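Numbered according to the numbering used here, the sequence shown spans residues 474 to 1163.
We treat Cβ as the ideally placed atom computed from N, Cα and C, and that holds for glycine.
None of these values were measured; they are calculated from a predicted model.
Below is one structure, written out as structure tokens; the observations come after it.
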Amino acid sequence: MKKAISIILAAALCLSIGASVFAESDVEEIDYTTGTPWMDIDLEGNVTADTPTDLKDNYALWANKDRILILEYPEGYMTAGNSSDVNYKADEDLKGLFRGEVPEDHDSRLAYDYFYLLCDWDARDARGVAPLKEMVDAVEGITSLDALTEYFVKTPWEDRLYCLWRETVSSDTENPGSNILSIKNGYSLIKDPAEYREMTDDGEEQIECYKAFFGKMLEKLGYSEEEAKQKFDNCFAWETMLSSVLASAEERSSSEYKFAADTHFTRDELLSAAPNIPILETLEQVDGYPAMDQYLMPEPAAIEKLNELYTEENLPLMRDYLILHGIYQMAEALDWESYALAVDCQEMTSGGYPAELNREDYPASTVYEDIKSSVAWPVSKYYVEKHSNPEDKERISELVDEIVDAYYGIIEDADFISDETRAGAIAKLDNMGKNVLYPDSWEPYSFEDVNFASKEEGGSLWEAYRAIKKHEHEKTVAQAAGPDDRTIWDLLPFVGNCNYMPGSNAIYINAAFAQNPNYRPDMSDEELYAYMGPAIAHEISHAFDAEGAKYDKDGNFINWWTDEDYAAFSEKNEKLAAYFNAMHPWEGQDFNGEAMIGEACADMAALKCMLRIAAGKPDFDYGKFFRAYADRCATKETLDMAMARLEDEHPMMYLRINTNLQQYDEFLDFYGITEGDNMYLAPEDRVAIW
Ligand SMILES: [Zn+2]
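Right, dumping it as structure tokens:
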């Protein structure tokens, strides 16, 4: 759940530590106004009323100086400008949903009621860990391997604490249009199996966090310190044995692994790989999955190992594995102490800092992360009803079509690819999913079948939590049995962002992104093409950046390039990386050009798209367009934030103005920028890939 809870918090903590390190070392000696070819004008304090401007020297500064001087950070932000304004508005709009009157629509009402059950800490604390204890006791009562098998094949899905394996549904690459059920081993506490073979310091730290968490939770469940320790050791021993055959995180990131992960097993092959464990009986008799001809086995060795380890001797280990993982999964729905322990454990084991949550602050802050992750689609529907509309959806959809049309032209004109590769690129455009503002139909996301009593009606979070989990499970079962519907949204409309998903070849322009200042219905063409257009075109371009280009029109990890064309493409990417590697936000500070190629390629292609559209518009006001294009990226941020951006794949905001604009004659000619001007880039030095 709360992955995002305190990204901001963690970042703030992380950054403040970074800042104090600076304070002690040589911060005094760094002159942050010394960047090449431009200083970092986004950095607070670098631009003052006295800073001289010259559009041919630094266009971003010339265009945005006045605005930078008056930008103010929204509360809780370390950066000011359009993107933080949009995110701040999205947050405030979301919070406002739960302050108003009770909504009438079923799903909106469900989100609303769940919000108040989450905040009902008196009731949650009164119940404590009792609901979990019942499920833990059922596992403790298993005294033989037969009884364990019976536990899996007889316990109703929602009463089962945890399982030794897990199933997921994904698109079947061998049978386009179909879904397939993947069978994998259960989760391990430490994500990288390599840690179980040779523990690093990072692994040791994670172990300590888990030990602290489980120690306290098991104590709450009535176990002694000694018993708790034994349980942890048992769980860890089980995971260690199993992980001996699992690929490491590094191996999993390789292309060979991705191909090998497509191993299909027939029903008989699955049965003979794991004859001792009741996987299929459980899936079909208890969980409700239909019998299938084929299953996906990303790591067959893991299931074979699971089968080998499924013995009477290992029963105590398996029991404690189920208990610990059940606790870890369900602590979030219990009392305050369990909840806060779980959040801290999640934060710290994923490299963050303790969230140090405060029960009094919960209804004003953390609850929104929980509500977004637990009932994301009911919240989406509620949000869209209040903050978006069909007219905006239609207008932005037209803009998306216009941009895709321009992109066809760009692909046709690309002189470094052969017709064969061109056909692959065009197929990607033809088949691209265009998810604009919110889904066309709410039906696939409906929670109509979920009913629970509200706080006023005497309901409890635990019952509501279980009803939602049941709904999610039934949805997964239906999905496994149904076709692979590529129109189903993977992202959420209330998030103030846009995306391209290479695995499904789809763009997402979320409703919460298409808000003022990014979009207003009364925008001129120049503004629309400067604010909203580049964001849309940027996402489309990701289909053709260094990473996106590895996936085909259906989102499969399949190469559609000729060797020669790919070599030319790679050369262009190297040139793009070198271009950023030669820049410095301030003297002595480098950029990681290699990490920035995807985002920079998308930015440059996006601007090219907009200029192509502009060329077809009579009386297009380029001056107004370029000013608005710069304004969109006007930014003021703290030094901590600037340091964090150095780790980001996106170029800094001032670079997203100057580096993009200097690639194109339309800009250089309009302002009369020529050789010798700092903003000038000779045609042979330009790095836009498309
Ligand atoms: Zn991007």
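query                                                                                                                           : result
Whole-angstrom distance between Glu623 and Ala764, CA atom to CA atom                                                           : 20 angstroms
Beta carbon of Glu566 nearer than 8 angstroms to that of Asp957                                                                 : Here residue 566 turns out to be Asp, not Glu, going by the sequence shown. Contact: no.
Endpoints, beta strand (DSSP E) assigned at Arg639                                                                              : 638-644
CA nearest to the CA of Arg1159, picked from Leu621, Glu781, Lys731, Ala1078                                                    : Ala1078
Alpha helix (DSSP H) runs wholly inside the segment 520-600, at least 4 long, in chain order                                    : 532-543, 555-570, 579-591, 594-600
Buried versus exposed call for Val494 [16 or more other C-beta atoms within 10 Å across all chains shown]                       : Confidence is the limiting factor: at Val494 the pLDDT is only 42, short of 50, which leaves the residue's position unreliable, though a coordinate-based value still follows. Exposed.
Residue(s) in a DSSP beta bridge with Ile1130                                                                                   : Its beta-bridge partners do not exist; DSSP assigns none.
Three-state secondary structure (DSSP) of Thr713                                                                                : helix
Cβ pair count under 8 angstroms reaching 3, the segment 927-944 against the segment 1043-1050                                   : no
Glu1120 beta carbon near ligand 2 (any heavy atom closer than 7 angstroms)                                                      : Of the ligands this structure carries, namely ligand 1, none is ligand 2.
Identified DSSP bridge partners for Thr739                                                                                      : Gln767
Candidates Gln988, Ser914, Glu1067, Asn1029: closest to Arg868 by CA position                                                   : Gln988
Beta-carbon gap between Val909 and Ile982 smaller than 8 angstroms                                                              : yes
As assigned by DSSP and simplified to three states, the class of Ser728                                                         : helix
CA-to-CA distance, Pro510 to Leu1168, given in whole angstroms                                                                  : In this structure the chain extends from 474 to 1163, so residue 1168 is not present and cannot be described.
Residue-chain proximity (Lys538, chain B), Cβ-Cβ < 8 angstroms                                                                  : Given the protein chain composition of this structure (a single chain), no chain B is represented.
Ranges of the beta strand (DSSP E) found wholly within the segment 1073-1153, counting only runs of at least 3                  : 1108-1110
Environment of ligand 1 in chain order, Cβ to heavy atom below 6 angstroms                                                      : His1011, His1015, Glu1072, Ala1075
Proximity winner among Ser726, Ser728, Ala774, Trp535, relative to Ser745 (alpha-carbon distances)                              : Ala774
Residue range of the beta strand (DSSP E) that includes Ser655                                                                  : 652-658
Alpha helix (DSSP H) runs contained entirely in the segment 742-797, provided each spans 4 or more residues                     : 773-782
Beta-carbon spacing of Lys1075, His1011 below 8 angstroms                                                                       : Inspection of the sequence shows that residue 1075 is occupied by Ala rather than by Lys. Going by C-beta atoms, Ala1075 is nearer than 8 angstroms to His1011.
Beta-bridge partners of Ala979, as assigned by DSSP                                                                             : Gly906, Met974
Burial state of Met672 (16 or more Cβ within 10 Å)                                                                              : exposed
C-beta contact flag for Lys907 and Ile980 at 8 angstroms                                                                        : yes
Residues of its chain near Ala940, where Cβ-Cβ distance is below 6 angstroms and the 5 sequence neighbours each way are ignored : Val923, Phe925
Buried or exposed by the 16-neighbour rule on C-beta atoms within 10 Å, applied to Lys1109                                      : buried
Which of helix, strand or coil DSSP assigns to Thr1035                                                                          : coil
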